[in-house]
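Read the sequence shown against my numbering and you will find it ends at 370, with the numbers running on by one and no gaps. These notes are about the structure you will find just below.
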Amino acid sequence: MLEKTRGIVLKVTDYSESSVVVQVFTEKFGLQSYLINGVKKAKAKIRLNMLQPLHLLHMVVYHKPNGNIQRVSELRNEPVFQEIPYNIIKSSLVLFLNEVLYRSIRHHYDDERLFEYLFNAIEFLDRTESGLANFHLYFLVQLTKYLGFYPDRSYEETSEFFDLKDGVFSNLHPPHSFILSGSQAKHFADLLATRFEVLDKLKMPPRERKHLLEKILMYFQLHIEGFPEIKSHLILEEILS
Numbered sequence: 130m131l132e133k134t135r136g137i138v139l140k141v142t143d144y145s146e147s148s149v150v151v152q153v154f155t156e157k158f159g160l161q162s163y164l165i166n167g168v169k170k171a172k173a174k175i176r177l178n179m180l181q182p183l184h185l186l187h188m189v190v191y192h193k194p195n196g197n198i199q200r201v202s203e204l205r206n207e208p209v210f211q212e213i214p215y216n217i218i219k220s221s222l223v224l225f226l227n228e229v230l231y232r233s234i235r236h237h238y239d240d241e242r243l244f245e246y247l248f249n250a251i252e253f254l255d256r257t258e259s260g261l262a263n264f265h266l267y268f269l270v271q272l273t274k275y276l277g278f279y280p281d282r283s284y285e286e287t288s289e290f291f292d293l294k295d296g297v298f299s300n301l302h303p304p305h306s307f308i309l310s311g312s313q314a315k316h317f318a319d320l321l322a323t324r325f326e327v328l329d330k331l332k333m334p335p336r337e338r339k340h341l342l343e344k345i346l347m348y349f350q351l352h353i354e355g356f357p358e359i360k361s362h363l364i365l366e367e368i369l370s
């Protein structure tokens, strides 16, 4: 059956000399794999550069509810990125966030709240010129809201610690080492309280930002089974420093 849906590109895998399988997080069907033929040919209707990481799509697809690999009838980039492919900071942010999303999103059913968050955040990244140094931190913290382990903020204003394992702010040192404390706990609370539009107001030394990112990735490892060690943030940190 032909269906229309929006999508977000997560991964492209070679299938044959001129064809690929694209994993797309779709608005209607969740995570799906699509076989696209001829993308490497000179006169391809759907070209490989349309399928770059986190590119936003409008698609017409042949959807089979129990199919492992689906097929695409029509595909276009909408909106077309104006900055992300040409701005080294934005393109590096996208590569890092794409890796995290690929390792985090596994459900093959619709999740419109998560999709709307991702679609709007990526579109905002393409448009904005400020707050880029903090964008990925805030993006990841907000992502936990849709993945089911958003921090409990009940005591954030009066607590000295954030327990990464239990996802709560606390005045008592947890009986393990998975914590944020001191300035890291404060920066984390500040992240939770801000918005994309004012990320440039959040002041954080590069070294603090680096350590906070490492702890946020640890938070993902503690709450997503099988979440691996992420490497792409190392390149990102060099570009942002």
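Backbone N, C-alpha and C fix where the C-beta goes; we use that ideal spot for every residue, glycine too.
Provide the residue(s) that pair with Lys133 in DSSP beta bridges, ordered along the chain.
According to DSSP, which records beta bridges pairwise, Lys133 is partnered with Val189.
At the level of alpha carbons, what is the spacing between Leu183 and Ser288?
Distance between the alpha carbons of Leu183 and Ser288: 37 Å.
Quick one: complete beta strand (DSSP E) runs, 3+ long, within the segment 186 to 262?
Whole beta strand (DSSP E) segments, 3+ residues: 199 to 206.
Are the beta-carbon atoms belonging to Val153 and Leu131 less than 8 Å from one another?
In this structure, Leu131 does not lie closer than 8 Å to Val153 by Cβ.
Quick one: what's got a C-beta closer than 7 Å to Phe212's C-beta in the same chain, skipping five residues either side?
What sits at residue 212 in the sequence shown is Glu, not Phe. Lys219 and Asp255, listed in sequence order.
When you compare only the Cα positions, how much space is there between Phe225 and Glu146?
Their Cα atoms are separated by approximately 28 Å.
Would you mind reading off the limits of the beta strand (DSSP E) that contains Phe317?
Careful: Phe317 lies outside any beta strand (DSSP E), inside the alpha helix (DSSP H) at Gly311 to Ala322.
Residues in its own chain within less than 8 Å of Ile368 by CB, not counting five upstream and five downstream?
These residues qualify, in order along the chain: Ile217, Ile218 and Ser221.
Quick one: grab the DSSP three-state call for Tyr267.
In this structure, Tyr267 counts as helix in the three-state DSSP scheme.
DSSP state of Val168, grouped into three classes?
It is coil, neither helix nor strand.
Under the DSSP definition of a beta bridge, which residues are partnered with Ser162?
Ser162 pairs with Gln152.
Touch check for the segment 269 to 289 and the segment 329 to 341: three-plus C-beta pairs under 8 Å?
The segment 269 to 289, when compared against the segment 329 to 341, does not touch it at the 8 Å Cβ threshold.
With a threshold of 7 Å on Cβ separation, who are the neighbours of His192 within its own chain once the five nearest residues in sequence on each side are excluded?
Excluding sequence neighbours, His192 sits near Met130, Glu132, Phe158 and Gln199.
If you check the beta carbons only, do Val189 and Ser202 fall under 8 Å apart?
In this structure, Ser202 lies closer than 8 Å to Val189 by Cβ.
For Arg282 and Pro194, I'd like the C-alpha separation in whole angstroms.
Each residue's alpha carbon lies about 39 Å from the other.
Alpha carbon to alpha carbon, how far is Ile137 from Arg232? Give it in angstroms, no decimals.
Each residue's alpha carbon lies about 14 Å from the other.
So, for Asn166: in the same chain, excluding its five sequence neighbours on each side, which residues have a beta-carbon less than 6 Å away from its beta-carbon?
So the qualifying residues of the chain are Ser148.
Nearest CA to the CA of Phe210: which residue from Thr257, His236 and Phe317?
Among Thr257, His236 and Phe317, the Cα nearest to that of Phe210 is on Thr257.
Going by DSSP, what residue range makes up the beta strand (DSSP E) through Phe290?
Phe290 to Asp292 is the span of the beta strand (DSSP E), which, as asked, contains Phe290.
Please work out which residues of its chain come closer than 6 Å, Cβ to Cβ, to Phe291, disregarding the five sequence neighbours upstream and downstream, and give them in chain order.
Closer than 6 Å at the Cβ level, and outside the excluded window around Phe291, lie Phe298, Leu309, Ala314 and Phe317.
Relative to the alpha-carbon of Leu328, which residue among Leu160, Gly260 and Tyr238 has its alpha-carbon at the smallest distance?
Nearest option by C-alpha distance: Gly260.
Compare the C-alpha of Lys360 against each of Leu186, Glu354, His352 and Leu346 and name the closest.
When only C-alpha atoms are compared, the closest one is Leu346.
How long is the line joining the alpha carbons of Gly355 and Glu252, rounded to whole angstroms?
Cα to Cα, the separation comes out at about 29 Å.
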